[in-house]
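Residue numbers (numbering that gives the first Met the number 0), protein chains in the order written: chain U, 0 to 397; chain A, 0 to 397; chain G, 0 to 397. Idealized CB from N, CA, C, for every residue including glycine.
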Amino acid sequence: MDKCGIREMIKDLARLDYKNMFANDFFLTWEKSDDEIAATFAVADILRGLREQNISTKVFDSGLGISIFRDNSTRTRFSFSSACNLLGLEVQDLDEGKSQIAHGETVRETANMVSFMADVIGIRDDMFIGKGNAYMHEVSESVQQGHAEGVLEQRPTLVNLQCDIDHPTQTMADTLHLINHFGGVENLRGRKIAMTWAYSPSYGKPLSVPQGVIGLMTRFGMEVHLAHPEGYEVMPEVLEVAERNAVESGGSFVQSNSMEDAFADADIVYPKSWAPFAAMQERTDLYGQGDWDGIDALEKKLLEQNKSHMDWECTEKLMQTTYNGSGLYMHCLPADISGVSCEHGEVEASVFDRYRVPQYKQASYKPYIIAAMIFLSKMKSPADTLYRLLEEEKPRMR
Amino acid sequence: MDKCGIREMIKDLARLDYKNMFANDFFLTWEKSDDEIAATFAVADILRGLREQNISTKVFDSGLGISIFRDNSTRTRFSFSSACNLLGLEVQDLDEGKSQIAHGETVRETANMVSFMADVIGIRDDMFIGKGNAYMHEVSESVQQGHAEGVLEQRPTLVNLQCDIDHPTQTMADTLHLINHFGGVENLRGRKIAMTWAYSPSYGKPLSVPQGVIGLMTRFGMEVHLAHPEGYEVMPEVLEVAERNAVESGGSFVQSNSMEDAFADADIVYPKSWAPFAAMQERTDLYGQGDWDGIDALEKKLLEQNKSHMDWECTEKLMQTTYNGSGLYMHCLPADISGVSCEHGEVEASVFDRYRVPQYKQASYKPYIIAAMIFLSKMKSPADTLYRLLEEEKPRMR
Amino acid sequence: MDKCGIREMIKDLARLDYKNMFANDFFLTWEKSDDEIAATFAVADILRGLREQNISTKVFDSGLGISIFRDNSTRTRFSFSSACNLLGLEVQDLDEGKSQIAHGETVRETANMVSFMADVIGIRDDMFIGKGNAYMHEVSESVQQGHAEGVLEQRPTLVNLQCDIDHPTQTMADTLHLINHFGGVENLRGRKIAMTWAYSPSYGKPLSVPQGVIGLMTRFGMEVHLAHPEGYEVMPEVLEVAERNAVESGGSFVQSNSMEDAFADADIVYPKSWAPFAAMQERTDLYGQGDWDGIDALEKKLLEQNKSHMDWECTEKLMQTTYNGSGLYMHCLPADISGVSCEHGEVEASVFDRYRVPQYKQASYKPYIIAAMIFLSKMKSPADTLYRLLEEEKPRMR
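1) Measure the Cβ-Cβ separation of M258/G and L225/G and say whether it is below 8 Å.
2) Give the interface partners of K393/U over in chain A, defined as CB-CB distance under 8 Å, in chain order.
3) Let me check understanding here. Comparing Cα to Cα, which of D383/U, I192/U, L85/U lies closest to K365/U?
4) Under a Cβ-count criterion, where at least 16 other Cβ atoms within 10 Å of its own Cβ denotes burial, should P270/G be classed as buried or exposed?
5) Between S98/A and chain U, is any beta-carbon pair separated by less than 8 Å?
6) Are M20/A and A41/A close, meaning C-beta to C-beta below 8 Å?
7) Check whether the segment 276 to 284 of chain A touches the segment 220 to 237 of chain A, counting contact only when three or more Cβ pairs, one atom from each stretch, lie closer than 8 Å.
8) Can you name, in chain order, every residue of its own chain whose Cβ lies under 6 Å from the Cβ of K97/G, other than the five neighbours on each side?
9) Taking just the CA atoms, how far does D11/A sit from G35/A?
10) Residues of chain U with a CB under 7 Å from the CB of Y328/A: which are they?
11) CB-CB under 6 Å to F68/A, same chain, minus the five flanking residues each way: which ones, in chain order?
12) Taking all protein chains shown into account, do 16 or more other C-beta atoms lie within 10 angstroms of the C-beta of D163/G, making it buried, or fewer, making it exposed?
13) Starting from the Cα of S207/A, find the closest Cα among Q169/A, I5/A, F374/A, F77/A and give me that residue.
14) Any idea what DSSP makes of K130/A, helix, strand or coil?
15) If you draw a straight line from the C-alpha of Q99/A to the C-alpha of T105/A, how long is it?
16) Would DSSP call V42/A helix, strand or coil?
17) Can you list the residues of chain A that M8/G reaches, using a CB-CB cut of under 9 Å?
18) Buried or exposed: where does D33/U fall if 16 or more other Cβ atoms within 10 Å of its Cβ makes it buried?
19) Can you tell which of K377/A, R397/A, P394/A has the C-alpha that lies nearest to the C-alpha of K18/A?
20) Using Cβ-Cβ distances below 9 Å, what residues of the segment 46 to 73 of chain U are close to chain A?
21) Short of 7 Å Cβ to Cβ, which residues in the segment 344 to 361 of chain A face chain U?
22) Under a three-way DSSP split, which group does K31/G fall into?
23) Thinking I153/A and D125/A are a contact (beta carbons under 8 Å), I'd like their distance in whole angstroms, please.
24) Taking just the CA atoms, how far does I9/U sit from E350/U?
25) For W196/G and M309/G, I'd like the C-alpha separation in whole angstroms.
26) Buried or exposed: which applies to C313/A, given that a residue is buried once 16 or more other Cβ atoms fall within 10 Å of its Cβ?
27) Rounding to the nearest angstrom, what Cα-Cα distance links S307/U and L63/A in this structure?
28) Check D118/G in the structure and name its three-state DSSP category.
29) Can you tell which of M0/G, E345/G, T28/G, I45/G has its C-alpha closest to the C-alpha of R387/G?
30) Could you compute how far the alpha carbon of I120/G sits from the alpha carbon of G326/A?
31) Restricting to Cα atoms, I'd like to know which of Q304/G, L317/G, V339/G, W311/G is closest to F262/G.
32) Quick check on Q143/U - is its C-beta less than 8 Å from some C-beta in chain A?
33) In chain U, which residues lie with their C-beta within 8 Å of the C-beta of E89/A?
34) Tell me whether the segment 209 to 221 of chain G and the segment 233 to 252 of chain G touch, counting them as touching only if at least three CB pairs, one residue from each stretch, are closer than 8 Å.
35) Quick one: grab the DSSP three-state call for V184/G.
36) Just the Cα atoms here: how many angstroms apart are T283/A and G203/A?
Here is the structure:
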């Protein structure tokens, strides 16, 4: 994309209504309007375009981006760091220790104490049903209050780096990949995507990706097919979101217990392991009670249960049944690859390998999506600022 | 504070004599002249004012701020990071491992090896009587020598982020909070502050806060009342500092063993747990001898001793006895709150909650105090540089 | 060095042929031409000169420097951080966990996932023979492929921060120290350097320093004498490099089993412990087999073997036999100092102390060498860019 192309994109961006994103958080994609979602994609593409043209997008001269990872993370950590660095923020990690789950006033105090110069806070907290998103709201309200009371000069906004409900930075990156892959968001209309469960020998993977995918991709007139074995249901409220979205966008949302049905004629497949919602809720309760024996027993039971669905694997044979035998395979990475990272996993090695490059490209959008979320929540006139960056043409690298 | 107000403050600053702060360390507040203390407050307020006006205060284009934390820290760590970031320095943490206490040439070598591009070194080392401040001096002398010998291009200056004797970044932030709360340093004159011990179920809290408070607040004509149970004495040399300060400033310094006497008619109360000086010295000796059984026995003894003073709690009833029943409650945070963070602690929950906002504001000064210390030790003409920043009006955030 | 001196150095630099360093990695010094080595020294000195003149050398407005340390490190970590900061890159550390040795596609995936905004990757991986350098190549090829495939906007280049074969940032810093100490690279011609083994009570020190020294210092017409007890041989392929270099440069390369012979009339001595190559290879194999008992037995054997060579110590008496009794003592630090850091070690305390300042100066070149390597691999016209930095004279510190 050259400078003219970037200018056009900014012009299109300026037509959208995203004023409510200013000084606001990004929790769940379905809390954002269509224009806000479109603006996020646009800003991500524009920031990427500017960087490709070696034009600096450093809009902060100083300021911190606070990261709180309540689960191990390499990819998301680097994506958040990259996004902050691209805009001029320095990352400072708050390492609470995994075991310590703070509540109430402790959250309020810590959130304020680390935020005196924070412009954005990125949180990953996806392990416990009913907790992660709630914790993010607690942090957000704490710093809003701190700002209102004169404790904080600025109001740090929040970016959800994965919670128990949604994984917006992942699914927005996934969708932007699809938009660019198929040549425009209008070309997603009518396409079938199979968001399916797949077998993995590991336990307790979060539900945020399948939930996030059905909650977002139903907005573009796509045919979204969610398939999983019985007992691997996702959160009912997200199902409602997907159904409502499908109606509104003129697409469809289908659920089944058949990987084959989901893959049949699909343009895109997204086979991925997750834990059953009910089991995750049970686990959350057991943790709350400190019932470690119960947790061990649950883990054992879940792994056994998984094993009865080892046939849920993304095989070459299945891929043949997709549209023209050439559906696009997606994964949020890292995948459990049969014969590579485990004996039996989510996907056959040859399928994974064939789609390695598109998958890496898919991942490459995440830093830009995060940067766009920060940009839109902090800049008073995003389009004007982008124009000015383009005009000034300050080199990113001499 | 608008631009005119900032300009006035810089004008006032320029009248003070702080030339000895250039290329110098900040160890103990009582090693600094009244003008130097006043300059630090002024620069902190000016930096805060500039930031509120969205004016960049980035005076370093590159450079490192080295942090050495020999005790866990979240608040001070983020304050140091924030201060460095505000001025344009990148923080690099030296994690020595807690157990390894370096001496002599090892300190000299490490201090030089990490400082090739360091402009400032911030150290927290408060656990052992007679050690922390000494270690900071060792580091400072090492890098001064390295600079003199041509090893280091620049001389990194030191900021004491808490030692066994003083906690200057905390008590300077506390005092700046009081100055702004009461509308000017001249309004501190004659005010009574109760710096009192309070019960906590934990063991071995540093003495640097009470020592730092009596060593600093006696300089402003205040009536400083230090109260603690018998056996909880602070370092004798700091008592001497407080007495001398009180005489010189026209204030007073009173010691007692009565929390009631201290609180009576106090404008400000600062109830906080600490370990007895003599016991901390004993512990330091036991560590030196590697006498772990002795340390366990001492800890047990101290916790028992604490328990006989559970009545030293900041209650609503006691708060009623302060001036007009509305004395200002202060704490360096985190506090041990009765019924919240522990069964019995330093303060009743309702008292703490009522003063939550002023406490957070109190904490919010720390990053600016640290930045002011760095600024005054590194800038050749601090007032001129501040004028120029104000004139240039480079935005912190676009 | 004043601005005129810097200008002259840039002029000299512009005459060298270093165009192949652009968009290229720095693995082993002997893979670089004489001009490329000379250019690296020149850029390091110029960057240092600019910094001494308080002139900013920040050529990146944003961008990440990824560090991967597969062995503990303080000095190299700070050197890499300092170098990145000097040029405007922010360091992001990839902590893989020590035990996890990634291979093949996992390396490819991780390398790409962390590199979306990475301009440079610095790796230290020196523990296993045949592994470290190979791993670096794997990472480099992965990101080159990622760049070629459109996954990465830019191609991150690699800096070898120590591998199993070479330690180029150390030995280049060592050599630049010698060049400046003796007043020019031409003054190294004919000088004798004793690279000798020395006793240490620790086990398994990498061979990269002695190998790197003989592989580099033989290029400047020096008489390089490698001495070690029988059984402490280094990698045969590096011996060949040293022999070839010596022939080409008109110097000499001598091997012996006598510390005395090496020290006799030496201008420079570099006594340092290392593990035998064959033993390191054995250890690598044992790790591969997961034979922990075998590893323990090997460690015990090696420590015993070391003990029979405790007379390999750099003593005052030996130093007397160097040229004029005043040969320059070098060490990569930290040294095992007899009676200080251990009972018997590599060097007598009085020798070490006498050469403390030159050693620290030696170490001070490392950040600039690393910065030069990055600069030459990322800047399209290094000399032009340096001229412009000199002309613009943007202050590093206000």
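With the given structure in hand:
1) As a first step, residue 258/G is located in the third sequence; it is residue number 259 there, counting from the start. As a first step, residue 225/G is located in the third sequence; it is residue number 226 there, counting from the start. Remark: C-beta atoms of M258/G and L225/G do not approach each other more closely than 8 Å.
2) Numbered from its first residue, the first sequence carries residue 393/U at position 394. Residues of chain A passing the Cβ test: none, with the nearest at roughly 12 Å.
3) Taking the first residue of the first sequence as 1, we reach residue 365/U at position 366. Looking at the Cα atoms, L85/U is the closest of the given residues.
4) Counting from one through the third sequence, the residue named residue 270/G turns up at place 271. The C-beta of P270/G has 16 or more other C-beta atoms within 10 Å across all chains shown, which makes the residue buried.
5) Stepping through the second sequence from its first residue, residue 98/A is reached at position 99. Below a pLDDT of 50, predicted positions are generally treated as unreliable, and S98/A, at 34, falls in that range; no measurement from the model is reported.
6) For the purposes of this step, residue 20/A is identified with residue 21 of the second sequence, where counting begins at 1. For the purposes of this step, residue 41/A is identified with residue 42 of the second sequence, where counting begins at 1. For M20/A and A41/A, no; Cβs fall outside 8 Å.
7) They touch, by the three-pair rule.
8) The residue you call residue 97/G lines up with position 98 of the third sequence. Confidence is the limiting factor: at K97/G the pLDDT is only 38, short of 50, which leaves the residue's position unreliable, though a coordinate-based value still follows. Closer than 6 Å at the Cβ level, and outside the excluded window around K97/G, lies no residue.
9) Start at 1 with the first residue of the second sequence, and residue 35/A comes out as number 36. Start at 1 with the first residue of the second sequence, and residue 11/A comes out as number 12. In the sequence on display, residue 35/A carries Glu and not Gly. About 13 Å.
10) Position 329 of the second sequence, counting from 1, holds the residue named residue 328/A. Result: empty, since nearest Cβ-Cβ is about 15 Å, beyond 7 Å.
11) Stepping through the second sequence from its first residue, residue 68/A is reached at position 69. The beta carbon of F68/A is closer than 6 Å to those of R123 in its chain, skipping five residues each way along the sequence.
12) To locate residue 163/G, count along the third sequence from 1; it is residue 164. Result: buried.
13) As a working mapping, residue 207/A is identified with position 208 in the second sequence. Answer by Cα proximity: Q169/A.
14) Within the second sequence, numbered from 1, the residue matching residue 130/A stands at position 131. In this structure, K130/A counts as coil in the three-state DSSP scheme.
15) Here the question's residue 99/A lines up with position 100 in the second sequence. Here the question's residue 105/A lines up with position 106 in the second sequence. Note that Q99/A scores a pLDDT of 43, beneath 50, so its modelled location is shaky and nothing firm can be said.
16) Looking up residue 42/A in the second sequence gives position 43. Here V42/A carries a helix assignment [DSSP, helix/strand/coil].
17) Along the third sequence, one-based indexing puts residue 8/G at 9. Near M8/G there are no residues of chain A at all, since even the closest Cβ is about 17 Å away, more than 9 Å.
18) Within the first sequence, numbered from 1, the residue matching residue 33/U stands at position 34. Exposed.
19) Position 19 of the second sequence, counting from 1, holds the residue named residue 18/A. Comparing Cα-Cα distances from K18/A to each of K377/A, R397/A, P394/A, the minimum goes to K377/A.
20) Within the segment 46 to 73 of chain U, the residues whose Cβ lies closer than 9 Å to some Cβ of chain A are K57, V58, F59, D60, S61, G62, L63, I65, listed in chain order.
21) Taking 7 Å as the Cβ-Cβ cut-off against chain U, the residues of the segment 344 to 361 of chain A that qualify are V356, Y359, K360.
22) By 1-based counting over the third sequence, the position of residue 31/G is 32. K31/G falls in the coil class under three-state DSSP.
23) Here residue 153/A is taken as the residue at index 154 of the second sequence, counted from 1. Here residue 125/A is taken as the residue at index 126 of the second sequence, counted from 1. Per the sequence shown, residue 153/A should be read as Gln rather than Ile. Contact flag wrong, Cβ pair sits at about 27 Å.
24) In the first sequence, the residue the question calls residue 350/U occupies position 351. In the first sequence, the residue the question calls residue 9/U occupies position 10. According to the sequence as given, residue 350/U is Val; it is not Glu. One Cα belongs to V350/U, the other to I9/U, and the distance between them is close to 38 Å.
25) One-based indexing of the third sequence puts residue 196/G at position 197. One-based indexing of the third sequence puts residue 309/G at position 310. Cα to Cα, W196/G sits roughly 11 Å from M309/G.
26) Taking the second sequence and counting its residues from 1, the one referred to as residue 313/A is at position 314. Answer is buried; the Cβ neighbour count reaches 16.
27) Within the first sequence, the letter at position 308 stands for residue 307/U. Within the second sequence, the letter at position 64 stands for residue 63/A. So the alpha carbons of these two residues sit roughly 56 Å apart.
28) Translated into positions along the third sequence, residue 118/G becomes position 119. Note: D118/G maps to strand in three-state DSSP.
29) Position 388 of the third sequence, counted from the first residue, corresponds to residue 387/G. Looking at the Cα atoms, I45/G is the closest of the given residues.
30) Position 121 of the third sequence holds residue 120/G. Position 327 of the second sequence holds residue 326/A. Spanning the two alpha carbons is a distance of roughly 56 Å.
31) Sequence index remark: in the third sequence, residue 262/G carries index 263 (1-based). Cα-wise, what sits closest to F262/G is L317/G.
32) The residue given as residue 143/U occupies position 144 in the first sequence. It does not; no Cβ of chain A falls within 8 Å.
33) Here residue 89/A corresponds to residue number 90 of the second sequence, with the count starting at 1. One finds E89 in chain U with Cβ atoms closer than 8 Å to the Cβ of E89/A, taken in chain order.
34) Touching, yes.
35) Counting from 1 along the third sequence, the entry for residue 184/G is found at position 185. Residue state for V184/G is assigned as helix, using DSSP reduced to three classes.
36) Mapped onto the second sequence, residue 283/A falls at position 284. Mapped onto the second sequence, residue 203/A falls at position 204. Approximately 11 Å, taken between the alpha carbons.
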